[in-house]
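These notes are about the structure you will find just below.
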Amino acid sequence: MNDETTQTPATPSQATPDSETAPETAAATDKTTPPAAADGAAPGDAVPDEVEVIVGEVTTPVETVAAEAVAAPLGAELAALRAELDERTGDLQRVNAEYANYRRRVERDRVAVTEQATAQVVAALLPVLDDLDRAREHGDLVGPFATMAEQLGAGLAKFGLTGFGEVGDAFDPTRHEAVAHQTSADVTAPTCVGVMRRGYQLGERLLRPALVAVADPASQ
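For the sequence shown, the working numbering begins at 3 and goes up steadily by one.
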């Protein structure tokens, strides 16, 4: 038998340790090696994880023109709203004034209607008052009739009825109706010397004039 040495190829399991640990060494090297320094920085300087950059606001002419272009319509709209508000305020003031005038007119008409209705009722009772005056002159108004006459007069007085026309009153053509004239040396101005029928007024309203006889001064 020849002494020959037989060489067998190495199996994968028999690979050298250097070939198995090479990838792991490279990975470890990548983990421990710091990142490359930034341009202009020394190799030993630390590189911050985050860099905060603050940029100031700079208004360019284009932005100014754009802002003015937006503000111009807003200003015009605001002016239009103010004009409309002034117009509506004026309308409200006119409506308030018209309503106030309407209320005064209604109140005036109400008072006038009330006075007219009262005057019609009281005017219908004036002949009764004339009969009571004649009965009083003749002395026939006594007893219960006198009391009733006084109550009637007091009730009508509450509505503002007042009588006028007495002997010796100065003649007033707006309140007296002269049915007879005579001259007298005892008077210095036209004077009522006789009353045929008393006159009455309701408040400021003349219901009827008094029928009187008038004496004029003798010199006239």
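Every residue gets a Cβ at the ideal spot worked out from N, C-alpha and C, and that includes glycine.
Item	Value
What residue does the alpha helix (DSSP H) around leucine 143 start on, and which one ends it?	Premise fails: leucine 143 is in no alpha helix (DSSP H) and is neither H nor E.
Is the stretch 168-183 in contact with the stretch 126-138, if contact means three or more CB pairs nearer than 8 Å?	no
If you measure between the beta carbons of arginine 200 and alanine 212, is that distance less than 8 Å?	yes
Below 8 Å on the Cβ atoms is my guess for leucine 163 versus leucine 204; work out the distance and round it to an integer in Å.	5 Å
Phenylalanine 173: buried (16+ other C-beta within 10 angstroms of its C-beta) or exposed?	buried
Going along the chain, which residues of its own chain have a beta-carbon closer than 6 Å to the beta-carbon of proline 219, five neighbours each way excluded?	Val189 and Thr190
Hey, could you find the ends of the beta strand (DSSP E) valine 169 is sitting in?	No beta strand (DSSP E) holds valine 169; DSSP gives it neither H nor E.
State the DSSP-derived secondary structure class of arginine 177, mapped to helix, strand or coil.	coil
Report back the beta-carbon spacing between leucine 128 and arginine 210 to the nearest angstrom; my notes put them in contact at under 8 Å.	7 Å
Can you tell me whether valine 236 is helix, strand or coil according to DSSP?	As displayed, the chain neither begins before 3 nor continues past 222, which places residue 236 out of reach and without an answer.
Around the Cβ of leucine 76, are there at least 16 other Cβ atoms within 10 angstroms (buried) or fewer (exposed)?	exposed
Near phenylalanine 166, which residues of its chain fall below 8 Å by C-beta distance, leaving aside the five closest residues on each side in sequence?	Arg177, Arg200, Gly201, Tyr202, Gln203 and Ala212
Do you know how far the Cα of arginine 90 is from the Cα of alanine 78?	18 Å
If alanine 182 and glycine 196 are in contact, beta carbons under 8 Å, what's the gap, nearest whole angstrom?	7 Å
Among Asp142, Val97 and Ala159, which has the Cα closest to the Cα of alanine 121?	Ala159
Just to confirm, are glycine 170 and threonine 193 a CB contact at a threshold of 8 Å?	yes
Given alanine 217, which residues of its chain have a CB within under 6 Å of its CB, disregarding the five upstream and five downstream residues?	Gln184, Ser186, Val189, Thr193 and Val195
Valine 113 and phenylalanine 161 - do their beta-carbons sit closer together than 8 Å?	no
May I ask you to report which of helix, strand or coil DSSP gives alanine 220?	coil
Can you tell me the Cβ-Cβ gap for leucine 143 and alanine 156, rounded? I've got them flagged as a contact below 8 Å.	That pair is no contact at about 15 Å.
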